[in-house]
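Per the numbering used here: the sequence shown = residues 132 to 226.
C-beta atoms are modelled at their ideal positions from N, C-alpha and C, and glycine is treated no differently.
The structure presented is a predicted model; accordingly, all values stated were derived computationally and were not measured.
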Amino acid sequence: MWMLYRFAHPKVGLLEFVRRIVLALLSSPPHLGGPKPKCTRAVLPEIRFDGVDHLVDSNSTQRKCGFCGKCAKFVCVKCNVGLHPAHCFRAYHTP
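See the structure below:
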């Protein structure tokens, strides 16, 4: 970056270049980025608890389990929610 700046401004030394960068960074307003909002795909209770056609299928990518929150490689085909097939699948679909 210094080389490009020096090409455009040959009379400015390295110390002045660094000083300008520091002043630019200090004069800009701080970025107060908080945590990103969670993108939740809420499944309607009428679908989630209906007990019809809820099948476990393996997924090529990991998702967060809709019940325990840990990584799961399985998904409920109907709800499209990541779930562990043993305990979490049954618990997630039980009212």
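Since I believe residue j is in contact with residue i (beta carbons under 8 Å), could you give me their beta-carbon distance rounded to a whole number of angstroms?
{"i": "His-224", "j": "Cys-196", "result": "Contact flag wrong, Cβ pair sits at about 13 Å."}
{"i": "Leu-145", "j": "Trp-133", "result": "6 Å"}
Could you check whether residue j and residue i sit closer than 9 Å to each other, using their CB atoms as the reference points?
{"i": "Phe-205", "j": "Val-187", "result": "yes"}
{"i": "His-185", "j": "Val-153", "result": "no"}
{"i": "Gly-165", "j": "Gln-193", "result": "no"}
{"i": "Cys-210", "j": "Val-174", "result": "yes"}
{"i": "Pro-226", "j": "Pro-160", "result": "no"}
Between which two residues does the beta strand (DSSP E) carrying residue i extend?
{"i": "Ser-189", "result": "187 to 195"}
{"i": "Ala-203", "result": "202 to 207"}
Would you mind reading off the limits of the alpha helix (DSSP H) that contains residue i?
{"i": "Leu-135", "result": "133 to 139"}
{"i": "Ala-155", "result": "145 to 158"}
{"i": "Phe-220", "result": "218 to 223"}
{"i": "Pro-176", "result": "176 to 179"}
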